[in-house]
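Participant:
There are 2 protein chains.
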Amino acid sequence: MRDVFIVGVSQTPVNKDAEVRDRYVGAAALKAALDDAGVAPARVGALYAGNMMSGTLARQQQLGALLADYAGLAGVEAVTLEAACASGAAAARMGYLSIAAGAHEIVAVCGVERMTHVDHDTVTRALATAADWELEGAGGESFLSLNAQLMRAYMSRYGVRAEDFAPFSINAHRNALTNPNALLHKAITCDDYLASRVVADPVRLFDASPICNGAAALVLASAEAAATLRRAPRVRIAGSAAATAPVALSRRADPLQLAAVEISTRRALAQARIEHRDVDIFELHDAYTIVCALSLESAGFAPPGRGTRLAVEGGIGLDGDLPLATFGGLKARGHPVGATGCYQLVEAYLQLGESAGANQVRGAERALVQNIGGTGATVVTHVLHRIA
Amino acid sequence: MRDVFIVGVSQTPVNKDAEVRDRYVGAAALKAALDDAGVAPARVGALYAGNMMSGTLARQQQLGALLADYAGLAGVEAVTLEAACASGAAAARMGYLSIAAGAHEIVAVCGVERMTHVDHDTVTRALATAADWELEGAGGESFLSLNAQLMRAYMSRYGVRAEDFAPFSINAHRNALTNPNALLHKAITCDDYLASRVVADPVRLFDASPICNGAAALVLASAEAAATLRRAPRVRIAGSAAATAPVALSRRADPLQLAAVEISTRRALAQARIEHRDVDIFELHDAYTIVCALSLESAGFAPPGRGTRLAVEGGIGLDGDLPLATFGGLKARGHPVGATGCYQLVEAYLQLGESAGANQVRGAERALVQNIGGTGATVVTHVLHRIA
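Protein chains in written order, with the numbering used here: chain S, -12 to 375; chain U, -12 to 375.
1. Contact defined as beta carbons within less than 8 Å: I believe VAL234 (chain S) pairs with LEU53 (chain U). What is the distance between those atoms, to the nearest angstrom?
2. So, using beta-carbon positions, are GLY82 (chain U) and LEU207 (chain U) closer together than 8 Å?
3. With a cut-off of 8 Å, does the C-beta of GLU211 (chain S) fall near any C-beta of chain U?
4. On the CB-based measure, 16 or more other CB atoms within 10 Å of its CB, does VAL(-9) (chain S) come out buried or exposed?
5. At least one CB of chain U closer than 8 Å to the CB of ALA79 (chain S): is that the case?
6. Under the three-state reduction of DSSP, which class applies to ALA319 (chain S): helix, strand or coil?
7. In this structure, what does DSSP give as the bridge partners for THR365 (chain S)?
8. Could you tell me the alpha carbon to alpha carbon distance between ARG254 (chain S) and ASN38 (chain S), rounded to whole angstroms?
9. Can you pull the chain S neighbours of GLN49 (chain U), defined as C-beta to C-beta under 7 Å?
10. State yes or no: is the beta carbon of SER85 (chain U) nearer than 8 Å to at least one beta carbon in chain S?
11. Cβ closer than 8 Å: which chain S residues qualify as neighbours of VAL105 (chain U)?
12. For THR103 (chain U), tell me which candidate among U:THR67, U:ALA45, U:HIS91 and U:LEU122 has the shortest Cα-Cα distance.
13. Check whether chain S comes within 8 Å of ARG223 (chain U), counting only Cβ atoms and requiring the distance to be less than that.
14. Which residue wins for smallest C-alpha separation from LEU355 (chain S), given the options S:ASP265, S:TYR275 and S:GLN47?
15. DSSP beta-bridge partners for ARG373 (chain U)?
16. Between GLY325 (chain S) and chain U, is any beta-carbon pair separated by less than 8 Å?
17. Kindly say whether GLY124 (chain S), judged by its beta-carbon, lies nearer than 8 Å to any beta-carbon of chain C.
18. Where HIS369 (chain S) and LEU84 (chain S) are concerned, what is the direct C-alpha to C-alpha distance, given to the nearest angstrom?
19. I'd like the list of long-range same chain contacts for GLY376 (chain U), defined as Cβ closer than 8 Å, with 5 residues on each side in sequence excluded.
20. Whole angstroms is fine: what's the gap from LEU412 (chain U)'s alpha carbon to THR109 (chain U)'s?
21. Which whole-angstrom value is the C-beta distance of VAL94 (chain S) and SER251 (chain S), which I expect to be below 8 Å?
22. Nearest to GLU417 (chain U) by CA position, among U:MET142, U:ARG112 and U:ARG139, is which residue?
23. Counting only Cβ pairs nearer than 7 Å, list the residues of chain U close to ILE250 (chain S).
24. Please report how far the alpha carbon of PRO167 (chain S) lies from the alpha carbon of GLN(-2) (chain S), in whole angstroms.
25. Any idea what DSSP makes of LEU60 (chain S), helix, strand or coil?
26. Give the single residue among S:VAL278, S:PHE314 and S:GLN49 whose Cα lies nearest to the Cα of ALA118 (chain U).
27. In this structure, does DSSP put LEU309 (chain S) in helix, strand or coil?
28. What are the boundary residues of the beta strand (DSSP E) that includes TYR35 (chain S)?
29. Can you check DSSP and say which residues form a bridge with THR276 (chain S)?
30. Who are the near neighbours of GLY316 (chain S) in its chain, counting only those whose CB is closer than 6 Å to its CB and skipping five residues on each side?
31. For ASN162 (chain S), which beta-bridge partners are listed by DSSP?
32. Please report the distance separating the alpha-carbon of GLU123 (chain S) from that of SER132 (chain S).
33. Taking 8 Å as the threshold (beta carbon to beta carbon), is THR295 (chain U) in contact with chain S?
34. Under a three-way DSSP split, which group does GLY353 (chain S) fall into?
35. Got a sec, what are the start and stop residues for the alpha helix (DSSP H) VAL186 (chain U) sits in?
36. Does the separation of the CB atoms of ALA149 (chain S) and LEU181 (chain S) fall below 8 Å?
Listed below in structure tokens is the structure:
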């Protein structure tokens, strides 16, 4: 496979502005990423869009072709990738594969989602399409209730308390304070966390990521194409892997083991030829604090039942052993679902390029970036390497 | 890029049985294709699903992971590709790229769609999400009305009459008679065509493809992997290309020129190193008869305004110069939208392998297979070669 580089990025501020439609915000993100890369639209061979709910919530499918038109990429190959909340990274992986294959030299990737133009019940029902409709959604389960199930089971099995999850949320909120693209700019304490409303026992408001809108974009290039750009490439996609598990929790051997996290992490690290101790940053999918704990365990950073210890012991801050959610994560930067995977990759790119400003993790050279669809059904994992 | 072969296929009979849900019919198609290839599930590296409307009509997204589970492909990479009615071929193209890149040795592709479990208005609205909602759908345009616009404009510009479109429909219905997987088994005459109800002037019932359900699947493999199977590969994907045009007709320079058909056909033929005269079969996207005429012209088989002449002059039958819709096409085999691109590839595979039975085009060695999303916004084109 050919080497693939990230040569430009952009992100729009995560927001709750219901008026800005996908095509405009997506096109703006794409144009900004191309500008950042110094790539003329005519050089772009393809556009891969990540989106989950435009068909359901905005009656608009075929976003790939639509965004290509509005971003000035007339004629290019374009398609939409859907894997629920992992749609953004799935789009990036397709971009990666198309260049690795030699089908294209330069491609654009855009994750976009709009969720706040409909009422809360409508978006809750739309999010439940990421679950198994027959076995979960039709019976009234929501995305929130399924994560509450996981959190209850985890607390019960391992004897973990509510406050043990707080550090994930506190860390995300702290890191978002200095991220102008984050939705939430509000530091929280453990007392704030414990005082926050229980939205679905035991999930508190501060365990859950907010409903919001956003778009982020990346430009990927082959080595040959990257060499022609005004700026030498700074980040290589050293590993890319995807894996799945049954969509319904009831069809998994153990719902507290995220098999697709385990498989895709192992493959991505192996492809990148690094080990866990080499990972400087883990941009994980903190849609809920329970997902942080499960991800750390299934990815191999902590033994079963010990995921929250990593956070309690303070190793997840910007200066910790394993910084998480360095720009605020899904929890505080926000989780516009189909866009999230692209935001994560953009943020990791900024970290490795030493362009993360106040959020910079010093000396970051290798980032693990993980985007999860559903309660762990689709997991797309990338490893980014800073170029020496 | 590495060579990619089709090593197994399957198709379920196109139907109007509303009870059979996507996961079961899709899994059945996948298992049958793996059986046909003689591939054990454990050897499959990824599953790419093509689907347009499951989220909207069945509240089920993340079909990739869902189908992987139900087809016994636990853990594999899986994702859903969406490009409206071109979703099936978009999934096949992703499978192609993943093997060409060297990321996988064997992958499965499945197109699936269920449309008959909801009322006619609901499916009409869902199909309109393939159009531009802001510029077309919100104003009341449906997929049918947009194709009627195209047909009116075409008849007016070129002085073509209604009966000139009849041969496309007659040919499709004739070929479907001997296809057990076709939805419609009814020969029609030009008189039948002209007597059929006008559903949106000038589109008659016999110009339009039916609303239906279906699933079709393919197994793709690298040369190395194909060599390990019980049957030597018979068909190679010699060309694969995708292109887009603006989604809304009003944003195109000339709606009667399908720019994405032109671009993707040119690229796919060039990659396969063949010319128009080398094409033995053209499985084109005959969702409406007007699309046949426009496709033949934009793909370069007929000059502008002369697409219907090819049909009138009788060259599109199984023994013609350019056989079209050899198993009945979208018109009579049926058009379960996200599955259609996979049915087309399966049929072309059967033709090149001389397994087409009563529908066999004698001596067919090269097939052009084209799947279109919307009114020409996304076009995915493949060239299949029979292996000498």
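By construction, the Cβ of each residue, glycine as well, lies at the ideal position given by its N, Cα and C atoms. Quantities reported herein were computed from a predicted structural model and do not represent experimental measurements.
Facilitator: So, from the listed chains and residues:
1. Confirmed, about 5 Å.
2. Their beta carbons are under 8 Å apart, which means GLY82 (chain U) touches LEU207 (chain U) by this criterion.
3. Closer than 8 Å: no.
4. Classification of VAL(-9) (chain S): buried, given that the 10 Å Cβ count is 16 or more.
5. Chain U contact via Cβ: absent.
6. The answer is helix: DSSP assigns ALA319 (chain S) an H, G or I state.
7. According to DSSP, which records beta bridges pairwise, THR365 (chain S) is partnered with S:THR231 and S:GLY360.
8. CA-CA distance, ARG254 (chain S) to ASN38 (chain S), rounds to 25 Å.
9. Taking a Cβ-Cβ cut-off of 7 Å, the neighbours of GLN49 (chain U) in chain S comprise ALA70, ALA71, ALA117, VAL234, GLY360, GLY361, ALA364 and THR365, given in sequence order.
10. It does; some Cβ of chain S falls within 8 Å.
11. By Cβ distance, chain S contributes nothing, its closest Cβ being about 14 Å from VAL105 (chain U), past 8 Å.
12. Nearest of U:THR67, U:ALA45, U:HIS91 and U:LEU122 to THR103 (chain U), Cα basis: U:ALA45.
13. It does not: the Cβ of ARG223 (chain U) has no partner Cβ on chain S nearer than 8 Å.
14. Ranking S:ASP265, S:TYR275 and S:GLN47 by CA distance to the CA of LEU355 (chain S) puts S:ASP265 first.
15. Answer is U:VAL222, bridged to ARG373 (chain U).
16. Output row for GLY325 (chain S): interface = no.
17. Considering every chain present, this structure includes no chain C. Its protein chains are S and U.
18. About 12 Å.
19. Outside the displayed range of chain U (-12 to 375) lies residue 376 (chain U), so it cannot be described from this structure.
20. Since the displayed chain U opens at -12 and closes at 375, residue 412 (chain U) lies outside it and no answer follows.
21. At roughly 21 Å, the Cβ-Cβ gap does not stay under 8 Å, so VAL94 (chain S) and SER251 (chain S) are not in contact.
22. Examination of residue 417 (chain U) is not possible in this model, given that chain U is present from -12 through 375 alone.
23. GLY62, listed in chain order.
24. Each residue's alpha carbon lies about 10 Å from the other.
25. Reduced to three states, the DSSP call for LEU60 (chain S) is coil.
26. Nearest neighbour of ALA118 (chain U) by Cα position, chosen from S:VAL278, S:PHE314 and S:GLN49, turns out to be S:GLN49.
27. LEU309 (chain S) carries a coil assignment under DSSP once its states are collapsed to helix, strand and coil.
28. In the DSSP assignment, TYR35 (chain S) falls within the beta strand (DSSP E) that extends over 33 to 37.
29. Per DSSP, none; premise fails for THR276 (chain S).
30. The residues are ALA159 and ASP273.
31. Looking at the DSSP assignment, ASN162 (chain S) forms no beta bridge with any residue, so it has no partner.
32. Spanning the two alpha carbons is a distance of roughly 10 Å.
33. Not a single CB atom of chain S sits nearer than 8 Å to the CB of THR295 (chain U).
34. It is Arg, not Gly, that sits at residue 353 (chain S) in the sequence shown. ARG353 (chain S) falls in the strand class under three-state DSSP.
35. In the DSSP assignment, VAL186 (chain U) falls outside any alpha helix (DSSP H) and lies within the beta strand (DSSP E) extending over 185 to 187.
36. Result yes, Cβ atoms of ALA149 (chain S) and LEU181 (chain S) sit closer than 8 Å.
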